[in-house]
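Below you'll find the structure, written out as structure tokens, and then a few comments.
Put into structure tokens, the structure is as follows:
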């Protein structure tokens, strides 16, 4: 009943399918091809499976603080790797309607801004890999710009102190 088997059985030269492995319960990619006899008749299916644990562990390492994270979606917008295992346990969650994934599939790449249903504003960097998979890194805008806002406050404070010192020096000089 798996797509990789049915594709090879129907004669497709190569079939790729991202799925949850029935053996390990983890995301995997399966590549298959038909086996033909000397008459060209399909007599079997060859299959190679690779677990996506390495990708998932790399994605999990991207979380450094707060609400920043990265994830990967396949060509069907299903989560292949995500730091939250709930996205890749039992089934690969479809994120077609999630704003950064929708923007990616509309051809937008690079920095995008979107607002979630709860009103939280996020910034995301979206890009497409050669195989059509999407890589998305996102962070709350408030956290992303926190250091910029802190720098602005310190700069305004220093400008105020400098201006006060200049007026004081000018007062004493006059």
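Numbering (our numbering), first residue to last: 1411 to 1584.
Every residue gets a Cβ at the ideal spot worked out from N, C-alpha and C, and that includes glycine.
Leaving out five residues before and five after residue 1579 in sequence, what residues of the same chain have Cβ atoms less than 7 Å from its Cβ?
Against the chain shown, residue 1579 aligns to sequence position 169. Excluding positions up to five away in sequence, the list is empty.
Would residue 1420 pass as a contact of residue 1439 if the rule is Cβ separation under 7 Å?
In the chain shown, residue 1420 corresponds to position 10, counting from 1. In the chain shown, residue 1439 corresponds to position 29, counting from 1. Against a cut-off of 7 Å, the Cβ pair of residue 1439 and residue 1420 comes out as no contact.
According to DSSP, is residue 1475 part of a helix, a strand, or is it coil?
One-based indexing of the chain shown puts residue 1475 at position 65. Residue confidence for residue 1475 is low, a pLDDT of 49 falling below 50, so the modelled location carries little weight and cannot support an answer.
What is the DSSP secondary structure of residue 1557, counted as helix, strand or coil?
Against the chain shown, residue 1557 aligns to sequence position 147. If DSSP states are grouped into helix, strand and coil, residue 1557 belongs with the helices.
Going by beta carbon distance, what residues of the same chain come within less than 8 Å of residue 1475, once the five residues before and after it are set aside?
For this step, residue 1475 is matched to residue 65 along the chain shown. Confidence is the limiting factor: at residue 1475 the pLDDT is only 49, short of 50, which leaves the residue's position unreliable and the question unanswerable from this model.
On the three-state DSSP scale, how would you describe residue 1525?
Indexing the chain shown from 1 puts residue 1525 at position 115. If DSSP states are grouped into helix, strand and coil, residue 1525 belongs with the strands.
Could you tell me which of 1560, 1515, 1543, 1536 sits nearest to residue 1549, measuring between CA atoms?
The count along the chain shown starts at 1 and reaches residue 1549 at position 139. Taking only the C-alpha atoms, the option nearest residue 1549 is 1536.
From the DSSP output, which residues share a beta bridge with residue 1508?
Locating residue 1508 in the chain shown gives position 98, where the first residue counts as 1. For residue 1508, which the question treats as bridged, DSSP gives no partner whatsoever.
Please report the distance separating the alpha-carbon of residue 1543 from that of residue 1412.
Here the question's residue 1543 lines up with position 133 in the chain shown. Here the question's residue 1412 lines up with position 2 in the chain shown. So the two alpha carbons sit approximately 21 Å from each other.
For a test of the three-state rule: what should DSSP assign to residue 1421, helix, strand or coil?
Here residue 1421 refers to the residue found at position 11 of the chain shown. In this structure, residue 1421 counts as coil in the three-state DSSP scheme.
Going by DSSP, what residues sit across from residue 1532 in a beta bridge?
As a first step, residue 1532 must be located in the chain shown, where it is residue number 122. Partner(s): 1524, 1550.
Since residue 1519 contacts residue 1531 with CB under 8 Å, what's their CB separation in whole angstroms?
As a position in the chain shown, residue 1519 is number 109, starting the count at 1. As a position in the chain shown, residue 1531 is number 121, starting the count at 1. Incorrect: roughly 20 Å between the Cβ atoms, too far for contact.
Is residue 1464 helix, strand or coil when you go by DSSP?
Against the chain shown, residue 1464 aligns to sequence position 54. In this structure, residue 1464 counts as helix in the three-state DSSP scheme.
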